[in-house]
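Trainee:
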Amino acid sequence: MNLNATLIGQTITFFLFLFICYKYIWPPIVEAMRERQKSIAEGLAAAERAEKNLAQAQDQVAAELAKAKEEAAGYIDQARTTAAKMVEEAKNDARSEGDRLKEAAQAEIDQEVNRAKETLRAQVAALSVAGAEQLLGASIDANAHAALLDKLAAEL
Amino acid sequence: MSGETSQEYIEHHLTNLTFGNHPDNGWGFAHSSAEAGEMGFWALNIDTMGWSIVLGLLFLWLFNKAAKTATSGVPSSFQNGIEMVVEFIDDTVGTIFSHNNPLIAPMALTIFVWVFFMNVMDLIPVDWIPMFASAIGISHMKVVPSTDPNITMSIALSIFGFILYYSVKHKGLGGFFAELAFHPFPKWLAPLNLFLEGVTLIAKPISLGLRLFGNMYAGEMIFILIAILFGAGLGWALLASGLQLVWALFHVLIIALQAFIFAVLTVVYMTQAHDVEDH
């Protein structure tokens, strides 16, 4: 172990290495590390923020959904009552229409019956007259016996 | 270790490849540590220089690769590994060093990784590289640069230079002198204070450099001793395998710890140099 000029050579070498490390190696590595640290911190903060936003949005969605449900239930109720009312109305209308039609038909039937009766009555009167004529062997003056004929017709 | 005694073997392993001007043989490589000593100060340990520069370049290459591709996006696993080291050093420096000086953290990183790489060379079996070197005609090859006091002391003395520079820069010449002279005893005992604090100051680089050197030198020595056991018969070789494993596992701890201690103490000394106290 001799101390010799190696001492000086090594000192120069050390200073060279130190200078290169100080100038070219340390700064970019440390800078990249700091930058990454910053971006990771930012990323974590952003994630936290996003999570908070998501929770908020979810709350909002739930609230909106509840409101929409309530509204929909209201509409359905309303629709149901409206429908019931409309059915009721339709029923009433139908019933009254049916009644009316029935009445009209009845009236017509009555009219027809009366008319048939009238016709029959007239025919019977005519037949009766014809029968009576044959029985009496003489014609009956329609005018002279009009009152009698009418009376007969009324009785039929 | 064919044809040489254990002592020669150990000595061979602990001798650097020194290039210098020998008074008798002229310019050339030293053939023994005694010859290297006779070359005086102006000789160069080629193996120490070479390995430390190779390992330092490895450090720079690895970290520069990470620095070039460094993005704030998702890092590759390679970048992740490099950044783990950088963050470890950054955290350590952050907790110890509270002043604003952008040079301190890279300094700690350079020292930590470079010293760590140099220490790791200790785990390579002691004969591999020296035998390969002797096969291609290189007489001596000490592969663990941190077992050469030249390198540990050169880093420690550089740190000492930084201590002096930052002390004077932040405290002023007077303030630095006051710190040395007016502590821990009252001002009228300034010479005694100066002596005590002077010793403390000088002890910083010496202890810093010699601690690393001592630990690595001792570790290397034990690996060499274990290596000698391998040649002493089958029973000894089996024992040596066990010892080699145990010591290597334990040495992993020392390797990392010494590199870390060196880096942390550097930061501590830098902090002390930046701290301005009231007098």
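Heads up: the sequence lines are chains A and B, in that order. Every letter in the first sequence is one number past the one before it in my numbering, and letter 92, counting from 1, is 92. Every letter in the second sequence is one number past the one before it in my numbering, and letter 193, counting from 1, is 193. All C-beta atoms, glycine included, are put in the ideal place defined by N, C-alpha and C. Remember, predicted model here, so these are calculated numbers, not experimental data.
1. Can you check whether the CB of Ala-273/B is closer than 7 Å to the CB of Ile-163/B?
2. Can you give the Cα-Cα distance for Leu-210/B and Thr-11/A, rounded to whole angstroms?
3. Between the alpha carbons of Ala-107/A and Thr-119/A, how many angstroms are there, rounded?
4. For the beta strand (DSSP E) containing Gly-28/B, name the first residue and the last one.
5. Starting from Ala-68/A, trace the alpha helix (DSSP H) both ways and give me its first and last residue.
6. List the DSSP bridge partners of Gly-94/B.
7. Taking all protein chains shown into account, decide if Asp-148/B is buried (16 or more other Cβ within 10 angstroms of its Cβ) or exposed.
8. Helix, strand or coil: which one does DSSP assign to Leu-103/B?
9. Between which two residues does the alpha helix (DSSP H) harbouring Asn-193/B extend?
10. Could you name the residues of the same chain whose beta carbon sits closer than 6 Å to that of Phe-223/B, not counting the 5 residues immediately before and after it, in chain order?
11. With a threshold of 8 Å, are at least 3 pairs of Cβ atoms found where one atom belongs to the region 62-79 of chain B and the other to the region 240-248 of chain B?
12. Sorted by chain position, which residues of the same chain lie with C-beta nearer than 6 Å to Ala-181/B's C-beta, five sequence neighbours on each side aside?
13. Output the distance between the C-alpha atoms of Leu-7/A and Thr-92/B, rounded to the nearest integer angstrom.
14. Leaving aside the five residues before and after Met-121/B along the sequence, list all residues of the same chain whose C-beta is less than 6 Å from its C-beta, in chain order.
15. At the level of alpha carbons, what is the spacing between Met-270/B and Ala-30/B?
16. Which residues in the same chain as Leu-44/B place their Cβ atom closer than 8 Å to its Cβ, once the five residues preceding and following it in sequence are excluded?
17. When DSSP labels each residue in this structure, what does His-140/B get in the three-state scheme?
18. From Leu-229/B, Leu-208/B and Ile-226/B, pick the residue whose C-alpha is nearest to that of Ser-146/B; which is it?
19. If we define contact as Cβ-Cβ less than 7 Å, is Val-144/B a contact residue for chain A?
20. In the DSSP assignment, find the alpha helix (DSSP H) that holds Phe-260/B and state where it starts and stops.
21. Work out the CA separation of Ile-226/B and Met-1/B for me, nearest whole Å.
22. Using a Cβ-Cβ cutoff of 8 Å, what residues of the region 36-70 of chain A are near chain B? List them in chain order.
23. Quick one: does Met-1/B have its CB under 7 Å from some CB of chain A?
24. Nearest-angstrom Cα distance between Ala-90/A and Lys-102/A?
25. So who's on the other strand from Asn-45/B, going by DSSP bridges?
26. Use the C-beta contact count for Ala-232/B: other C-beta atoms within 10 angstroms, 16 or more gives buried, fewer gives exposed.
27. Specify the secondary structure class of Val-74/B as computed by DSSP and reduced to three states.
28. Can you confirm whether the region 250-265 of chain B touches the region 111-118 of chain B when touching is taken to mean that 3 or more C-beta pairs between the two stretches lie within less than 8 Å?
29. Confirm, please, whether the CB-CB distance from Asn-119/B to Ile-255/B is below 7 Å.
30. Looking at the unbroken alpha helix (DSSP H) that takes in Leu-148/A, where does it start and where does it end?
Mentor: If we stick to the structure as given:
1. Position 163 of the second sequence, counted from the start, is the residue given in the question as residue 163/B. Position 273 of the second sequence, counted from the start, is the residue given in the question as residue 273/B. A contact, by the Cβ cut-off of 7 Å.
2. Within the second sequence, numbered from 1, the residue matching residue 210/B stands at position 210. Within the first sequence, numbered from 1, the residue matching residue 11/A stands at position 11. Looking at the two C-alpha atoms, the distance is approximately 16 Å.
3. One-based indexing of the first sequence puts residue 107/A at position 107. One-based indexing of the first sequence puts residue 119/A at position 119. Approximately 18 Å between the Cα atoms of the pair.
4. By 1-based counting over the second sequence, the position of residue 28/B is 28. Per DSSP, Gly-28/B belongs to the beta strand (DSSP E) from 26-29.
5. Counting from one through the first sequence, the residue named residue 68/A turns up at place 68. 26-136 is the extent of the alpha helix (DSSP H) around Ala-68/A.
6. On the second sequence, residue 94/B is found 94 positions in, with the first residue counted as 1. In the DSSP output, where bridge partners are listed per residue, Gly-94/B has none listed.
7. As a first step, residue 148/B is located in the second sequence; it is residue number 148 there, counting from the start. Classification of Asp-148/B: buried, given that the 10 Å Cβ count is 16 or more.
8. Counting from 1 along the second sequence, the entry for residue 103/B is found at position 103. In the structure shown, Leu-103/B sits in coil (DSSP, three-state: anything other than H, G, I, E or B).
9. Your numbering for residue 193/B matches position 193 in the second sequence. 190-230 is the span of the alpha helix (DSSP H), which, as asked, contains Asn-193/B.
10. Here residue 223/B refers to the residue found at position 223 when the second sequence is read from its first residue. The beta carbon of Phe-223/B sits closer than 6 Å to the beta carbons of Val-126 from its chain, once the five residues preceding and following it are set aside; these are given in chain order.
11. No, the region 62-79 of chain B is not in contact with the region 240-248 of chain B.
12. If you number the second sequence from 1, residue 181/B lands on position 181. Counting only Cβ-Cβ distances below 6 Å, and skipping sequence neighbours, we find Ala-190, Asn-193 and Leu-194.
13. On the first sequence, position 7 is the one that residue 7/A refers to. On the second sequence, position 92 is the one that residue 92/B refers to. Distance from the CA of Leu-7/A to the CA of Thr-92/B, rounded to the nearest whole angstrom, comes to 28 Å.
14. Counting from 1 along the second sequence, the entry for residue 121/B is found at position 121. The answer, listed in chain order, is Val-143 and Val-144.
15. As a first step, residue 270/B must be located in the second sequence, where it is residue number 270. As a first step, residue 30/B must be located in the second sequence, where it is residue number 30. Roughly 38 Å separates the two Cα atoms.
16. Locating residue 44/B in the second sequence gives position 44, counting from the first residue. Leaving aside the five residues that flank Leu-44/B on each side, the residues in its chain whose CB is nearer than 8 Å to its CB run, in chain order, Thr-18, Phe-19 and Gly-20.
17. For this step, residue 140/B is matched to residue 140 along the second sequence. Residue state, collapsed to three classes: coil.
18. The residue you call residue 146/B lines up with position 146 of the second sequence. Among Leu-229/B, Leu-208/B and Ile-226/B, the Cα nearest to that of Ser-146/B is on Leu-208/B.
19. As a first step, residue 144/B is located in the second sequence; it is residue number 144 there, counting from the start. So no, Val-144/B is outside the interface.
20. Here residue 260/B is taken as the residue at index 260 of the second sequence, counted from 1. Judged by DSSP secondary structure, Phe-260/B falls within the alpha helix (DSSP H) whose first and last residues are 234-274.
21. For the purposes of this step, residue 1/B is taken as the residue at position 1 of the second sequence. For the purposes of this step, residue 226/B is taken as the residue at position 226 of the second sequence. The pLDDT assigned to Met-1/B is 42, lower than 50, so where the model puts this residue is not dependable; a value taken from the coordinates is nonetheless given after this. Going by C-alpha positions, Met-1/B is about 13 Å away from Ile-226/B.
22. Answer in chain order: Arg-36, Lys-38 and Ser-39.
23. As a position in the second sequence, residue 1/B is number 1, starting the count at 1. No answer about Met-1/B holds up, because its pLDDT of 42 lies below 50 and its placement is not dependable.
24. Mapped onto the first sequence, residue 90/A falls at position 90. Mapped onto the first sequence, residue 102/A falls at position 102. For the pair Ala-90/A and Lys-102/A, the Cα-to-Cα distance works out to about 18 Å.
25. To locate residue 45/B, count along the second sequence from 1; it is residue 45. Answer by DSSP bridge pairing, in chain order: Thr-18/B.
26. Locating residue 232/B in the second sequence gives position 232, where the first residue counts as 1. Classification of Ala-232/B: exposed, given that the 10 Å Cβ count is below 16.
27. On the second sequence, position 74 is the one that residue 74/B refers to. Collapsing the DSSP output to three states places Val-74/B in coil.
28. The region 111-118 of chain B is in contact with the region 250-265 of chain B.
29. One-based indexing of the second sequence puts residue 255/B at position 255. One-based indexing of the second sequence puts residue 119/B at position 119. In terms of Cβ geometry, Ile-255/B and Asn-119/B form a close pair [threshold 7 Å].
30. Here residue 148/A refers to the residue found at position 148 when the first sequence is read from its first residue. Its alpha helix (DSSP H) spans residues 146-155.
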